[in-house]
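So the sequence shown is residues 0 to 90, counted in numbering that gives the first Met the number 0.
Built from N, CA and C at the ideal position, the CB exists for glycine as well.
Remember, it's a predicted structure, so these values are computed and weren't measured experimentally.
Data first, discussion second: the structure below is written as structure tokens.
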Amino acid sequence: MNKKDIKLALSIDLVNQAPQEEILMSIYLLVDRFKSFLGKLNDVKELDKRKFTRHIRTHYALHYDNARIDIDLLTNPLTKTQSVYSFDIVN
């Protein structure tokens with residue numbers, strides 16, 4: 000499995016998920032099946048947080064042995080739901 004296959008599989012899984020409160024944990028569990036390519040999770044960092052009129056956009060980096068997954072989440076403070084704005088896998 001390569002980076003392109005993982006991005007496609009993760010995209011399909013994320014599209015099929017409803018907005019929820021703890022989507023970062025959900026992403027971690029979805030990505031867990033790609034351990035052979037990514038390796039072990041070493042660190043999760045919040046890199047940036049920006050407040051907009053109705054949402055908060057937070058940028059996270061999940062550091063694995065062989066790659067990093069960058070994720071931008073949108074959070075609605077009123078409903079406390081999160082959704083993925085964008086993500087990328089960086090070697």
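Same chain, Cβ closer than 6 Å to residue i, five either side skipped, listed in chain order
i, result
"A60", "K44, L46, R67 and D69"
"E65", "The sequence shown places Asn at residue 65, not Glu. Same-chain partners within the cutoff: L37 and G38."
"M0", "F36"
"L73", "H54, R56, S82 and Y84"
"H62", "N41 and D42"
"K2", "I88"
"L13", "V83"
"F86", "I70"
Where residue i sits in the DSSP three-state scheme
i, result
"A60", "strand"
"F33", "helix"
"K79", "coil"
"K48", "strand"
Buried/exposed call for residue i, threshold 16 Cβ in 10 Å
i, result
"F51", "exposed"
"V83", "buried"
"V30", "buried"
"I11", "exposed"
Contact set for residue i: own chain, Cβ-Cβ below 7 Å, skip 5 residues either direction
i, result
"I26", "I70"
"I5", "F33, F36 and I88"
Residue i versus residue j - alpha carbon distance
i, j, result
"A8", "R49", "28 Å"
"I22", "N90", "23 Å"
"L28", "N15", "15 Å"
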